[in-house]
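Peer 1: Counting in full-length UniProt numbering, the sequence shown runs from 1 upward without gaps.
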Amino acid sequence: MSSASGAAVEGESHLKQSIEDILLTPVGSRLMRREYGSALFSLLDQPDNEVTRLRLISAAVIALWKWEPRITPTQITFESVAQGARTMTISAQRSDSLSAITTDITI
Numbered sequence: 001m002s003s004a005s006g007a008a009v010e011g012e013s014h015l016k017q018s019i020e021d022i023l024l025t026p027v028g029s030r031l032m033r034r035e036y037g038s039a040l041f042s043l044l045d046q047p048d049n050e051v052t053r054l055r056l057i058s059a060a061v062i063a064l065w066k067w068e069p070r071i072t073p074t075q076i077t078f079e080s081v082a083q084g085a086r087t088m089t090i091s092a093q094r095s096d097s098l099s100a101i102t103t104d105i106t107i
């Protein structure tokens, strides 16, 4: 089900929505599922440097490995788009069809 419209979604659209939901949900924020989500939010106030970028990539990979078995992350990159905003590009391989998938998320 689409988080924006409530309409049914499937395939690649569902997978991209799932990736976004996992990465944008802070760990500990879901009742009855406290471990769900990623640690990205705890890193957002950190300096914009290589160490923070590596920590953000690590947090994203750990969350996706744990919560989205339909993909294997292959590359995660960041681009600063505005003051304090970054776009994360996630490239992954689907485990069902071995095809590539890429999605962008603004954090």
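Heads up, the beta-carbon is just placed ideally off N, CA and C, and yes, glycines get one too. Given the structure is predicted, the values throughout are model-derived calculations rather than measurements.
Need the endpoints of the beta strand (DSSP E) that residue 81 sits in, please.
Peer 2: Where residue 81 is concerned, the enclosing beta strand (DSSP E) stretches over 71-82.
Peer 1: Scan the segment 17-102 and note each continuous beta strand (DSSP E) run of 3 residues or more that stays entirely inside, going in chain order.
Peer 2: 71-82 and 85-94
Peer 1: Give me the Cβ distance between residue 38 and residue 63, rounded to the nearest whole Å; I'm assuming they're in contact under 8 Å.
Peer 2: 3 Å
Peer 1: Can you grab the Cα-Cα spacing for the pair residue 45 / residue 19, in whole Å?
Peer 2: Approximately 22 Å, taken between the alpha carbons.
Peer 1: Quick one, are the C-beta atoms of residue 56 and residue 40 less than 8 Å apart?
Peer 2: In this structure, residue 40 lies closer than 8 Å to residue 56 by Cβ.
Peer 1: Looking at residue 42: is its Cβ nearer than 8 Å to the Cβ of residue 69?
Peer 2: no
Peer 1: So, for residue 99: in the same chain, excluding its five sequence neighbours on each side, which residues have a beta-carbon less than 8 Å away from its beta-carbon?
Peer 2: If we look at residue 99 and ignore the five residues flanking it on each side, its Cβ neighbours are 93.
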